[in-house]
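Terminal number for the sequence shown in the numbering used here: 141, no gaps in between. Note that beta-carbon positions come from the ideal geometry of N, C-alpha and C, so glycine has one too. Please read these numbers as outputs of a predicted model, since none were measured by experiment. The structure under discussion appears below in the form of C-alpha coordinates.
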Amino acid sequence: MKESLKLGFSFGITSGIITTLGLIVGLDAGTRSELAVIGGILTIAVADAFSDSLGMHISQESRDHHKPRHVWESMLSTFIAKFIVAMSFAIPFILLDLSTAMIISVAWGLALLSALSYFIAKIGKKNAWIVIGEHLIIAIVVIIIAYFFGEWIYATFSP
-17 MKESLKLGFS FGITSGIITT LGLIVGLDAG TRSELAVIGG ILTIAVADAF SDSLGMHISQ
43 ESRDHHKPRH VWESMLSTFI AKFIVAMSFA IPFILLDLST AMIISVAWGL ALLSALSYFI
103 AKIGKKNAWI VIGEHLIIAI VVIIIAYFFG EWIYATFSP
(Lines of atoms letter the chains of each structure in order from A and count residues from 1; the text may use other names and numbers.)
(Lines give C-alpha, C1' and ligand atoms only; values in the text may rest on other atoms or scores of the structure.)
Protein backbone atom coordinates (compact mmCIF):
# COMPACT_ATOMS: atom_id res chain seq x y z
CA MET A 1 0.00 0.00 0.00
CA LYS A 2 1.22 3.49 -0.79
CA GLU A 3 2.69 5.36 2.16
CA SER A 4 0.23 8.26 1.77
CA LEU A 5 -2.77 5.92 1.89
CA LYS A 6 -1.36 3.93 4.80
CA LEU A 7 -0.82 7.18 6.70
CA GLY A 8 -4.32 8.48 6.03
CA PHE A 9 -6.14 5.23 6.69
CA SER A 10 -4.26 4.45 9.91
CA PHE A 11 -4.82 7.97 11.23
CA GLY A 12 -8.48 8.05 10.16
CA ILE A 13 -9.29 4.64 11.62
CA THR A 14 -7.55 5.40 14.91
CA SER A 15 -9.18 8.80 15.23
CA GLY A 16 -12.56 7.36 14.25
CA ILE A 17 -12.31 4.78 17.01
CA ILE A 18 -10.92 6.90 19.84
CA THR A 19 -12.89 10.08 19.17
CA THR A 20 -16.18 8.28 18.64
CA LEU A 21 -15.76 6.00 21.67
CA GLY A 22 -14.90 8.95 23.89
CA LEU A 23 -17.86 10.89 22.55
CA ILE A 24 -20.46 8.14 22.91
CA VAL A 25 -19.31 7.10 26.38
CA GLY A 26 -19.25 10.73 27.55
CA LEU A 27 -22.59 11.59 25.97
CA ASP A 28 -24.23 8.48 27.36
CA ALA A 29 -22.97 9.23 30.87
CA GLY A 30 -23.75 12.94 30.57
CA THR A 31 -27.18 12.79 28.97
CA ARG A 32 -28.45 9.21 29.11
CA SER A 33 -30.04 10.04 25.76
CA GLU A 34 -30.01 7.80 22.70
CA LEU A 35 -30.81 10.82 20.52
CA ALA A 36 -27.79 12.73 21.86
CA VAL A 37 -25.50 9.76 21.27
CA ILE A 38 -26.71 9.15 17.71
CA GLY A 39 -26.57 12.88 16.95
CA GLY A 40 -23.04 13.02 18.34
CA ILE A 41 -21.90 10.06 16.23
CA LEU A 42 -23.33 11.56 13.03
CA THR A 43 -21.78 14.93 13.81
CA ILE A 44 -18.38 13.36 14.51
CA ALA A 45 -18.61 11.32 11.30
CA VAL A 46 -18.99 14.47 9.22
CA ALA A 47 -17.43 17.42 11.05
CA ASP A 48 -14.49 15.62 12.63
CA ALA A 49 -13.76 13.64 9.45
CA PHE A 50 -13.44 16.95 7.58
CA SER A 51 -11.41 18.45 10.41
CA ASP A 52 -9.00 15.51 10.60
CA SER A 53 -8.59 15.35 6.83
CA LEU A 54 -7.82 19.07 6.67
CA GLY A 55 -5.38 18.61 9.54
CA MET A 56 -3.70 15.80 7.61
CA HIS A 57 -3.60 17.98 4.49
CA ILE A 58 -1.95 20.87 6.32
CA SER A 59 0.41 18.56 8.19
CA GLN A 60 1.57 16.99 4.94
CA GLU A 61 1.96 20.40 3.28
CA SER A 62 4.13 21.60 6.16
CA ARG A 63 6.75 18.94 5.42
CA ASP A 64 9.79 20.14 3.52
CA HIS A 65 9.52 17.55 0.77
CA HIS A 66 5.82 17.06 0.21
CA LYS A 67 4.31 15.96 -3.07
CA PRO A 68 0.86 17.39 -3.90
CA ARG A 69 -0.49 13.96 -4.85
CA HIS A 70 0.72 12.50 -1.53
CA VAL A 71 -0.97 15.36 0.35
CA TRP A 72 -4.33 14.76 -1.36
CA GLU A 73 -4.15 10.96 -1.02
CA SER A 74 -3.44 11.25 2.71
CA MET A 75 -6.25 13.76 3.12
CA LEU A 76 -8.87 11.73 1.24
CA SER A 77 -7.93 8.43 2.88
CA THR A 78 -8.13 10.10 6.30
CA PHE A 79 -11.62 11.41 5.53
CA ILE A 80 -12.91 8.11 4.15
CA ALA A 81 -11.53 6.04 7.03
CA LYS A 82 -12.74 8.44 9.74
CA PHE A 83 -16.20 8.78 8.20
CA ILE A 84 -16.77 5.04 7.73
CA VAL A 85 -15.42 4.04 11.14
CA ALA A 86 -17.39 6.75 12.97
CA MET A 87 -20.59 5.85 11.10
CA SER A 88 -20.15 2.18 11.98
CA PHE A 89 -20.71 3.08 15.64
CA ALA A 90 -24.21 4.38 14.83
CA ILE A 91 -25.50 0.96 13.78
CA PRO A 92 -25.85 -0.55 17.28
CA PHE A 93 -27.61 2.59 18.55
CA ILE A 94 -30.10 2.50 15.71
CA LEU A 95 -30.87 -1.20 16.15
CA LEU A 96 -30.56 -1.80 19.91
CA ASP A 97 -31.31 -0.22 23.26
CA LEU A 98 -28.82 2.30 24.65
CA SER A 99 -27.05 0.10 27.22
CA THR A 100 -26.62 -2.86 24.84
CA ALA A 101 -25.43 -0.56 22.06
CA MET A 102 -22.84 0.97 24.42
CA ILE A 103 -21.39 -2.45 25.26
CA ILE A 104 -21.30 -3.51 21.61
CA SER A 105 -19.75 -0.20 20.54
CA VAL A 106 -16.97 -0.39 23.11
CA ALA A 107 -16.27 -4.01 22.14
CA TRP A 108 -16.35 -3.09 18.43
CA GLY A 109 -13.99 -0.16 18.92
CA LEU A 110 -11.49 -2.13 20.98
CA ALA A 111 -11.60 -5.07 18.52
CA LEU A 112 -11.08 -2.76 15.55
CA LEU A 113 -8.21 -0.98 17.32
CA SER A 114 -6.65 -4.36 18.17
CA ALA A 115 -6.83 -5.47 14.53
CA LEU A 116 -5.30 -2.21 13.28
CA SER A 117 -2.58 -2.42 15.95
CA TYR A 118 -1.80 -5.99 14.93
CA PHE A 119 -1.28 -4.99 11.29
CA ILE A 120 0.81 -1.98 12.31
CA ALA A 121 2.99 -4.25 14.48
CA LYS A 122 3.46 -6.76 11.67
CA ILE A 123 4.36 -4.07 9.15
CA GLY A 124 6.88 -2.58 11.61
CA LYS A 125 8.16 -6.03 12.63
CA LYS A 126 7.34 -5.34 16.29
CA ASN A 127 5.86 -7.51 19.01
CA ALA A 128 2.12 -7.45 18.28
CA TRP A 129 1.11 -7.98 21.92
CA ILE A 130 3.09 -4.94 23.05
CA VAL A 131 1.69 -2.70 20.31
CA ILE A 132 -1.88 -3.92 20.85
CA GLY A 133 -1.57 -3.58 24.63
CA GLU A 134 -0.17 -0.06 24.40
CA HIS A 135 -2.96 1.10 22.09
CA LEU A 136 -5.71 -0.60 24.11
CA ILE A 137 -4.46 0.97 27.34
CA ILE A 138 -4.61 4.42 25.76
CA ALA A 139 -8.12 3.75 24.41
CA ILE A 140 -9.37 2.46 27.76
CA VAL A 141 -7.95 5.52 29.54
CA VAL A 142 -9.84 7.76 27.08
CA ILE A 143 -13.05 5.77 27.67
CA ILE A 144 -12.70 6.01 31.47
CA ILE A 145 -11.95 9.73 31.41
CA ALA A 146 -14.88 10.39 29.04
CA TYR A 147 -17.20 8.36 31.26
CA PHE A 148 -16.30 10.22 34.45
CA PHE A 149 -16.39 13.56 32.68
CA GLY A 150 -19.88 12.70 31.39
CA GLU A 151 -20.96 11.68 34.90
CA TRP A 152 -19.65 15.00 36.23
CA ILE A 153 -21.57 16.88 33.51
CA TYR A 154 -24.76 14.99 34.38
CA ALA A 155 -24.34 15.66 38.11
CA THR A 156 -23.49 19.31 37.58
CA PHE A 157 -25.91 20.37 34.88
CA SER A 158 -28.93 18.07 34.95
CA PRO A 159 -32.09 19.54 36.46
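Beta-carbon separation of V88 and I127 under 8 Å? no
Nearest-angstrom Cα distance between K64 and A72? 13 Å
Rounded to a whole number of angstroms, what is the C-alpha to C-alpha distance between I76 and A110? 34 Å
I'd like to check one pair, F61 with A27: are the Cβ atoms closer than 8 Å? no
Tell me the residue span of the alpha helix (DSSP H) that contains D79. Element bounds for D79: n/a, residue is neither H nor E.
Taking G12 and I114 to be in contact with their CB atoms under 8 Å, please state how far apart those CB atoms are, rounded to whole angstroms. Not confirmed; about 30 Å, so no contact.
So, at 8 Å on beta carbons, what are the nonlocal neighbours of E55 in its own chain, with the 5 sequence-adjacent residues on each side left out? K(-16), S(-14), L(-13), G(-10)
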